[in-house]
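Undergrad: Quick note, the sequences are listed as chains Y and R, same order. Counting from 1, position 231 in the first sequence corresponds to residue 220 in this note's numbering; the numbering is continuous, with no gaps. Numbers given in this note's numbering equal positions in the second sequence, counted from 1, plus 108.
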Amino acid sequence: MQLPLADIIVLEFCQYLSGPCAGLRLADLGARVIKIEHPLTGEGGRKLAIKNMWVDDDNSLLFNTINRNKESFAIDMGNAGDMVWLKKLIGKAHVLVHNFRPGAMERKLLGYEDVVKLNPSIVYAQISGYGEAGPLHKKPGQDLLVQSLSGLTYTTGSASDIPTALGLGIGDYLCGNQAVQFIIAALIKSKKTGKGTLLQLSLLESLIDFQFEFFTTYFQSHKMPQRAGFNNAHALLSAPYGIYKTSDGYIAIAMVPIRQLNKILQSKALEQYDEQDCFRKRDEIKKRIAEKIATNTSQYWLQKSKELDLWVMPVLNWKEMSATAGYKVLDMEQTIKLPGNKAFITTRCPVRINGRILKSGKAAPQVGENNAGIKASLS
Amino acid sequence: MDKLLDNILVVDFSQFLSGPSTSLRLADMGARVIKVEKPVTGDICRTLYVSDVMLEGGESTIFHAINRNKESFVADLKETASLESVKKLLNHADVIVHNFRPGVMERLGLDYEKVKVMNPGIVYGEISGYGQEGEWKDLPGQDLLAQAVSGITYLTGSGEEAPVPMGVAVADIIAGTHLTQGILAALFQRMRSGEGSLIQVSMLESLLDFQFEVLTCFLNDGNDLPVRSKVNGAHAYIAAPYGIYQTADGYLAIAMAPVTKLADLLQVNALCGYTNPQDWFNKRDEIKAILAKALSTKSTAHWLAILEPEDIWCADVYDYDRLIVSEAYKLLKMEQWVTSNGLKVKTTRCPVRVNGKSLTSPKGAPSLGENSREIEDEFDL
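1) Can you tell me which residues form a DSSP beta bridge with Q323/Y?
2) Can you find a CB in chain R that lies within less than 9 Å of the CB of S349/Y?
3) Alpha carbon to alpha carbon, how far is M137/R from R215/R? Give it in angstroms, no decimals.
4) Determine the closest residue to F268/Y out of L299/Y, G218/Y, N359/Y and G238/Y, with distance taken between C-alpha atoms.
5) Which residues, taken in chain order from the segment 459 to 474 of chain R, show a beta carbon closer than 8 Å to some beta carbon of chain Y?
6) For A183/R, which residues of its own chain have a beta-carbon under 7 Å away from its beta-carbon, when the five flanking residues on both sides are left out?
7) Starting from the beta carbon of L190/Y, find every residue of chain R whose beta carbon is closer than 8 Å, and list them in chain order.
8) Taking the alpha carbon of D17/Y as the reference point, which residue from L125/Y, K326/Y, N56/Y and S294/Y has its own alpha carbon closest?
9) In the segment 397 to 421 of chain R, which residues sit with their C-beta less than 9 Å from some C-beta in chain Y, listed in chain order?
10) For E443/R, which of helix, strand or coil comes out of DSSP?
11) Taking only runs of the alpha helix (DSSP H) that begin and end inside the segment 37 to 121 of chain Y, which ones reach a length of at least 4 residues, in chain order?
12) Taking L187/Y and C164/Y to be in contact with their CB atoms under 8 Å, please state how far apart those CB atoms are, rounded to whole angstroms.
13) With which residues is Y359/R paired in a DSSP beta bridge?
14) Using a Cβ-Cβ cutoff of less than 7 Å, which residues in the same chain neighbour A361/R once the five nearest sequence positions on both sides are dropped?
15) Pick helix, strand or coil for V223/R, following the three-state DSSP scheme.
16) Please compile the residues from chain Y whose C-beta is within a distance smaller than 7 Å of the C-beta of A342/R.
17) If we count Cβ pairs, one from each stretch, closer than 8 Å, do we get three or more for the segment 231 to 239 of chain Y versus the segment 277 to 292 of chain Y?
18) Could you run through the segment 228 to 261 of chain R and flag, in chain order, every residue whose CB is less than 9 Å away from some CB of chain Y?
19) I'd like to know whether the C-beta atoms of I79/Y and L0/Y end up nearer to each other than 9 Å.
20) Does the distance from the C-beta atom of Y350/R to that of A342/R stay below 9 Å?
21) Give me, in chain order, the residues of the same chain whose beta-carbon lies closer than 8 Å to that of C153/R; leave out the 5 immediate sequence neighbours on both sides.
22) Between the Cα of G450/R and those of L431/R, L440/R, C458/R and S475/R, spot the shortest distance and give me the residue it belongs to.
23) Can you find a C-beta in chain R that's less than 9 Å from the C-beta of S110/Y?
24) Identify each residue in the segment 198 to 226 of chain R for which the Cβ-Cβ distance to at least one residue of chain Y is less than 8 Å, and report them in chain order.
25) Is T155/R helix, strand or coil by DSSP?
26) Grouping DSSP H, G and I as helix and E and B as strand, with all else coil, what is H200/R?
27) Any beta carbon from chain Y within less than 9 Å of Y350/R's own beta carbon?
28) On the DSSP letters alone, give me the boundaries of the beta strand (DSSP E) that T456/R sits inside.
29) Look at the alpha carbon of F296/R and the alpha carbon of E296/Y, and state the distance between them as a whole number of angstroms.
30) Chain R partners of L187/Y, CB-CB under 9 Å?
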């Protein structure tokens, strides 16, 4: 099967997660993604490890997770000879994506206005923390900081908790994924009209968009959405929505009409409430539900819920999840081969095309690994 | 300004958030989106009253956020004549989106194999909860439930507390984002091959992809589960000081920073002993506890004035009231007014700027069946 982005060349001037996760998705969809790196240092993410896990002396597992299936072209942008090669390569590329701080690419004469002169049909995507201007534009575009400034930390955790960060790089990840959407849309336009496009994204705008339901509600009410006081799972939703402790674990209960739920709970204390009470009195209702749920096992409640087709699921950790048939049938894992008979396991692209899953066993490149081949193709 | 997507017709059967967020983004890019809705109730999201806030006329605010810039066509898919009309409409479509449970479109004769026969160039996008096969395939693809089985609830919150779901419909939004990527890639391929494609995503696979960095760690370290920091947890795999701290008058977020430098700048003697960077992870709970105590004594502004000039990665923690009056937010011009059936609704815009311009559209969510008559006439249904 020919992949949809076959023959598309993407130049990735990116580090860490936001831009590189965009490059990874484009690669999995068939594009040839070339990381542009400094010959000595390489991308900063190479040296960033979690749990001190490395695939070799120079590269972390984290870097390999985000940058598999790519090539590397090492260029010193301060060297005139190197810049000649880079400009030749830009002339052949279809997409350029960068996540430098605002102004950095312009100073190297690689801003959109410069690049579009070298390649009039280029799709040029830039990712910043907070946009290109304003009081925050020089602040580091770091995920936790953007979460904190975007209001997001007031959506998670319960009312008495301090603002609670979402425990993953949601700003980086979402922004990178939105970049992929718009890069492909701009490729469609470029193919049709021959015209290039400048795309500008920021982590802050992506996280405001992420909260668009909350903001739209807030604009009408002029009141901050209030996290539930107990077992909060979504500030705008009524009881029973949340995660509950059973006698041996946890279950999640989504939208279930309170009377329906009480068919399995059989709680006298819940009989006094009807559906209209479920937002206003959600905390007291949820506490009463919790008292009952705590008296029996997860399996018991899941079985009872299944009989009535109630929206209830077990809360699993990764060990429990990866042992289920529901996980295994997804075939979500793939093995990436490394030099020296080594390998690691990672997840695959989440999109299926014509019923097929997309896997690629190609590891992340070493710095400058593809210089010779790329130069030969440009000569 | 010319749009990214011109002359693309999207016929959208989806409800709630995941699929509709895909068609919203395609609409932002310039596609024409027709929602196919059942008579009387339409998309269930119309009457999904969240919180106690609703618009004049009783519709939910979230429906309007998700469905602006779309048209509405009413059809009862269980009735032959209506189904035939919809099939005729599909002959003109470039993209189909649906998020029914597996099997529903097959029973209606609207699955990819059937539609492809009528319209070989169709790009057919579908979102399920847990994929098309296996023990979970018929279970409701609902955001909190997908979060619950994906392991993600053990990443947010602190220490031994109960699993904490992300308080935004993250599975819906990410699955919708991935579906948009796949649909656009298929549209691009169609320009070269003339052929359409089937694009499938599921909420669970999307949440697994969202966790790809930390899940890869788990898959290669002997299946060690994540351990959340006991104090002000913000990321299970990142060392102290990473977290949000209470100050005398609010909160302060601190990302990655050398603990020794913080000890110095904040003049916290108790932190001076932590000179080995490995301890910043291994002893993060005690370091963060010391830091939390120290930071609680003065205002957020006081700490920012010390830390920001020294390039420590830190920020104030805003709620919406403070965010929307900030200079940075105002400059982004993230808000737009849309008009829906005479009613003006303020919402946010598409987050991406194209050729320096924000993508906005004054068109609000359609009322149920608002465009049925004109669509019938236009496509001779």
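For glycine and all other residues, C-beta sits at the position ideal for the given N, C-alpha and C. Given the structure is predicted, the values throughout are model-derived calculations rather than measurements.
TA: Reading from the atomic positions:
1) T335/Y.
2) Using a Cβ-Cβ cut-off of 9 Å, S349/Y does not count as an interface residue toward chain R, since no Cβ of chain R sits closer than that to its own.
3) Taking the CA atoms as reference points, R215/R sits about 32 Å from M137/R.
4) That would be G218/Y, whose Cα lies nearest to the Cα of F268/Y.
5) Under the 8 Å Cβ criterion, the segment 459 to 474 of chain R contributes P459, V460, R461, V462, N463 and G464.
6) Result list for A183/R: V144, S190, S193 and V194, in chain order.
7) Per Cβ cutoff of 8 Å: P459, V460 and R461.
8) Measuring from the Cα of D17/Y, the nearest candidate turns out to be N56/Y.
9) Going along the segment 397 to 421 of chain R in chain order, one finds E416, D419 and W421 with a Cβ nearer than 9 Å to chain Y.
10) Residue state, collapsed to three classes: strand.
11) Taking only runs of at least 4 residues, the alpha helix (DSSP H) segments lying wholly in the segment 37 to 121 of chain Y are 50 to 56, 69 to 81, 93 to 96 and 101 to 107.
12) The distance from the Cβ of L187/Y to that of C164/Y is about 16 Å, inconsistent with a contact at the 8 Å cut-off.
13) Under DSSP, Y359/R takes part in a beta bridge, and its partners are Q354/R.
14) Same-chain partners within the cutoff: I352, C422, A423 and V425.
15) Helix at V223/R.
16) Neighbours of A342/R on chain Y, chain order: L133, A154 and G156.
17) A contact between stretches requires three or more CB pairs, one per stretch, nearer than 8 Å, and the segment 231 to 239 of chain Y meets this requirement with the segment 277 to 292 of chain Y.
18) Against chain Y - using a Cβ distance shorter than 9 Å - the residues of the segment 228 to 261 of chain R are Y238, G239, Q240, E241, G242, E243, W244, K245, L247, P248, Q250, D251, L252, L253, A254, Q255, A256, V257, S258, G259, I260 and T261.
19) Their beta carbons are under 9 Å apart, which means I79/Y touches L0/Y by this criterion.
20) Going by beta carbons, Y350/R and A342/R fall inside the 9 Å limit.
21) So the qualifying residues of the chain are Q123, F124, L125, P128, S168, I170, F171, I174 and N175.
22) Among L431/R, L440/R, C458/R and S475/R, the Cα nearest to that of G450/R belongs to S475/R.
23) No, its Cβ sits nowhere closer than 9 Å to a Cβ of chain R.
24) Taking 8 Å as the upper bound on Cβ-Cβ separation, chain Y lies near no residue of the segment 198 to 226 of chain R.
25) The answer is helix: DSSP assigns T155/R an H, G or I state.
26) Taken through DSSP and simplified to helix, strand or coil, H200/R comes out as coil.
27) Interface residue, yes.
28) Its beta strand (DSSP E) spans residues L451 to T456.
29) Approximately 45 Å, taken between the alpha carbons.
30) Within 9 Å Cβ-Cβ: R461, V462, N463 and G464.
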